[in-house]
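S.K.: The structure's right below; bear with me while I get my questions together.
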Amino acid sequence: MLQLVSAPVTGLRDWRLAIRIDLIRCWPKLLAAAAGSFVAMRMGMSATEAGVLLATNRLIRIFAYGPVARLYARLGARATCTVAALAAILAALAYGVTSGFWPLLAARLLWGLSFATQNLANQALATGTREGATRRSGNARAVIAAGSMTGRALG
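In this text, residue positions in the sequence shown follow my numbering: the first is 1, and each later residue adds one.
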C-alpha cells in the first residue's frame, strides 16, 4: 500500500517527503478500511469476511474484462449497457435488503460485473472514433469523478 513516488530520491529529506505524500494518498483507503471494519462489526461479520467482500469487487473485475469485452462485441453498446445498469440496480437493491456474508458476496459479484461492463463501455464508446477520442475520454472520466464527489458531498 505504501509506495514511493517515482521522482528520484536525493537525500533523506526527499525520502521523508515521498513517504508523507504517499501516506496522504493512502488516507482515503485507510478510512474506507476502518469504515468497512466498523460496518462489518455492526452486521455481525468478521474482519476477514469484510475484507473478502471489499476485495471481491476488484477481483471479479480483473477476471471479467475479457468475457465482458467479448459480450460487448457480440451484443453492442446499448444492450450491454442496459444489462449492466439493470445488474447495478439489482446489486444496490440487494445491498439494502439482504444481510449475511453469502448474499452480500453475490451482490458484490454482480456489482463488480456491472462496473466492469460499464467501465469497458465507457472506454470503448469514448475511443471508438479516433477523431476527438482524447477529449471524449477525458470528459467521460471527469463526469465519473464529479459523480463520485457529488455523491460523497451529499452523503
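All C-beta atoms in this analysis are idealised placements derived from N, C-alpha and C, irrespective of residue type, glycine included. The model shown is predicted, which means the values in this text are computed figures rather than measured ones.
By DSSP, does S148 sit in helix, in strand, or in coil?
M.R.: Helix, per DSSP.
S.K.: For the pair the segment 52–65 and the segment 81–92, tell me if three or more CB-CB distances fall below 8 Å.
M.R.: Short answer: they don't touch.
S.K.: Expressed to the nearest angstrom, what Euclidean distance is found between the alpha-carbon atoms of T98 and A91?
M.R.: If you take the alpha carbons of T98 and A91, they lie about 10 Å apart.
S.K.: Let me know the secondary structure DSSP gives R141 once reduced to three states.
M.R.: Helix.
S.K.: Three or more C-beta pairs closer than 8 Å, one from the segment 131–142 and one from the segment 101–118: is that the case here?
M.R.: Touching, no, given that fewer than three Cβ pairs across the two stretches are closer than 8 Å.
S.K.: Are the CB atoms of T117 and L71 within a distance shorter than 9 Å?
M.R.: The answer is yes: Cβ separation under 9 Å.
S.K.: Could you check what DSSP says for G132 in three-state terms: helix, strand or coil?
M.R.: Reduced to three states, the DSSP call for G132 is coil.
S.K.: Using C-beta distances below 7 Å, list every residue in its chain close to I144, excluding the 5 sequence neighbours before and after it, in chain order.
M.R.: Nothing listed; no residue qualifies.
S.K.: Which residues in the same chain as L105 place their Cβ atom closer than 8 Å to its Cβ, once the five residues preceding and following it in sequence are excluded?
M.R.: Cβ neighbours of L105 beyond the five flanking positions: V52, L53 and T56.
S.K.: Whole angstroms is fine: what's the gap from I89's alpha carbon to A73's?
M.R.: So the two alpha carbons sit approximately 23 Å from each other.
S.K.: Taking 9 Å as the threshold (beta carbon to beta carbon), is G112 in contact with chain B?
M.R.: No chain B is present in this structure, which holds just one protein chain.
S.K.: Skipping 5 residues on each side, what residues in its chain have a beta carbon closer than 7 Å to that of A69?
M.R.: Contacts found: L120.
S.K.: Return the CA-CA distance between R136 and T127, expressed in angstroms with no decimal places.
M.R.: Near 7 Å, if we compare the C-alpha coordinates of T127 and R136.
S.K.: Quick check: the Cα distance between G100 and R78, rounded to an integer number of angstroms?
M.R.: So the two alpha carbons sit approximately 34 Å from each other.
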